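Sequential numbering of the sequence shown, starting at 1, is according to UniProt numbering.
Heads up: the structure comes next, in structure tokens.
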Amino acid sequence: MRVAPAVRPPLQVTTTPWEMIDGKIDGEYEMMSQGAVVYSMTYTNARTGKKTDFA
1 MRVAPAVRPP LQVTTTPWEM IDGKIDGEYE MMSQGAVVYS MTYTNARTGK
51 KTDFA
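This is the structure in structure tokens:
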């Protein structure tokens with residue numbers, strides 16, 4: 001009898017790249033994903049602190 005190996009789902013990952021303009025941080029993106037599925041993405045403006053959620 002053959003048993004299939006256990007398949008583990010992809011890890012959940014949060015990445016936070018910066019938006020740079022003229023060598024200064026102008027904003028930050030935060031993306032939470034698991035495999036090819038993106039669960040949330042938010043942009044924060046560094047000058048105003050305003051957050052924008054992408055749905």
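Think of the CB as a built atom: it goes at the ideal place given N, C-alpha and C, for glycine as much as any other residue.
The structure displayed is predicted, hence computed values, not measured ones.
Identity of the residue in 52, 51 and 34 nearest residue 8 by Cα: 34
Sequence-distant residues of the same chain with beta carbon closer than 7 Å to residue 15, five excluded per side: 31
Neighbourhood of residue 13 by C-beta distance below 8 Å, restricted to the same chain and skipping five residues each side: 32, 33 and 34
Cα-Cα separation, residue 42 to residue 54: 6 Å
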